[in-house]
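Since the structure comes first, as structure tokens, the remarks are kept for the end.
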Amino acid sequence: MSISLLRVPTSAGAYNIGQERAPAALERVGLLDMLRSEGVPLDDAGALPVVAFQPDPHNRRQQNLDRVVDVASRVARQVDQISARGDIPLLIGGDCTITIGVVAGLAGRWPDVGLAYLDGDVDLDTPQTTQSGILDAMGIGHLLALDGAAPALAGMGSRTPLLRGDRIALIGYEPSDLDEVKQAIVDAHGVHQIPAPTVRQQPAAAAADARAALGDDAPVIVHFDVDVIDSVDSPLGHYPHFNAGLSFDDAMAVLAGLCSAQRVAAVTVTEVNPDHDPQGDHLRRLAQGLTKAIAQIQAVQG
42 MSISLLRVPT SAGAYNIGQE RAPAALERVG LLDMLRSEGV PLDDAGALPV VAFQPDPHNR
102 RQQNLDRVVD VASRVARQVD QISARGDIPL LIGGDCTITI GVVAGLAGRW PDVGLAYLDG
162 DVDLDTPQTT QSGILDAMGI GHLLALDGAA PALAGMGSRT PLLRGDRIAL IGYEPSDLDE
222 VKQAIVDAHG VHQIPAPTVR QQPAAAAADA RAALGDDAPV IVHFDVDVID SVDSPLGHYP
282 HFNAGLSFDD AMAVLAGLCS AQRVAAVTVT EVNPDHDPQG DHLRRLAQGL TKAIAQIQAV
342 QG
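Using our numbering, the letters of the sequence shown correspond one by one to residues 42 to 343.
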């Protein structure tokens, strides 16, 4: 078993450019060398084409949909191939819509796959409910195929919806991100909810709760959006959350705990904007934290 690194340099689903430069930036600060020095068996799966955000005035409620679907479809094919040979995909993005592609690539192979969604937002919008039209904020909405979801994105896998609500754990979001309507949606779909205040009390316990909720023996996709981290502590998140979210150390503790699951199926790292850290100090710190977390997969599944 190897960890197969796939770079997904896209900001197509975001609201501006920057995230497409994250894979190269993390490599520059030594991520690959750190992983190898930690003993992680690393296979290089290469990189998908660079796709940068551009305003899409003709599709205001689902901006860049065709480009987002194209990237997610490429991700799905690559992830399926990596998994077929018994390796674990590690995707360095890129915006959050790549996780839709990861789920699409694995759902046919593992019908019981779960998603641990460590993210500063719940991403429950659809083109019908959005103000911005930015698909980056609609990942869970499309995985659940909520009313108003774009069929090309929600229906891109082997089944629709791609995930049932009870196969999703939302971790680390602020409770204020769930208004009454969204709260009713997650409750009706049986989505597991572990908000930031709960995580801050006991990060390791929060990760254990998420693992238990998704099933200790079931395959789990770990989604890590760096905007779950308080931007005062680490400014890397493309969409900043100042004086909200988790401390860097708490976020890394949760990520490591999630990567300690018995069957990690894939890991996605999203929303890193290297423009927010021109000196590279925060990127280097993130690479170190990612290395420790990914090493847990090898320790458990190696």
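All C-beta atoms, glycine included, are put in the ideal place defined by N, C-alpha and C.
These figures come from a predicted structure and were not determined experimentally.
Beta-bridge pairing by DSSP links residue 261 to 155 and 305. Going by C-alpha positions, residue 124 is about 15 Å away from residue 114. Here DSSP, grouped into helix, strand and coil, assigns residue 97 to coil. Only residues of its own chain outside the window of five on either side were considered, and among them 54, 55, 56 and 104 have a CB closer than 8 Å to the CB of residue 175, listed in chain order.
Sequence-distant Cβ neighbours of residue 91 in its own chain, meaning closer than 6 Å and more than five residues away, are 50 and 61. The stretch 231–277 is shown to contain whole beta strand (DSSP E) runs of 3 or more residues at 233–235 and 261–266, in chain order.
Using a Cβ-Cβ distance cut-off of 8 Å, the stretch 125–134 and the stretch 156–176 are not in contact, since fewer than three pairs of beta carbons, one from each stretch, lie closer than that value.
In this structure, the straight-line span from the alpha carbon of residue 204 to that of residue 121 is close to 17 Å. With 16 or more other Cβ atoms from the protein chains shown falling within 10 Å of its own Cβ, residue 289 counts as buried. When the beta-carbon positions are compared, residue 87 and residue 138 stay at least 8 Å from each other. Comparing alpha carbon positions, the residue from 313, 331 and 279 closest to residue 296 is 331.
Taking a contact to require three or more Cβ pairs closer than 8 Å, the stretch 140–149 and the stretch 316–326 do not qualify as touching.
Excluding residues up to 5 positions away in sequence, 46 lie with their Cβ nearer than 7 Å to the Cβ of residue 85 in the same chain. For residue 45, the enclosing beta strand (DSSP E) begins and ends at 44–49. Annotation for residue 335: the continuous alpha helix (DSSP H) segment containing it runs 322–342.
If you draw a 10 Å sphere on the C-beta of residue 232, you find 16 or more other C-beta atoms in it, and that means buried. The shortest C-alpha to C-alpha distance from residue 258 to any of 80, 153 and 112 is the one to 153. If you check the CB distance, residue 213 and residue 165 do not come in under 8 Å.
Under the 8 Å Cβ criterion, the stretch 70–82 counts as touching the stretch 331–341, having at least three qualifying pairs.
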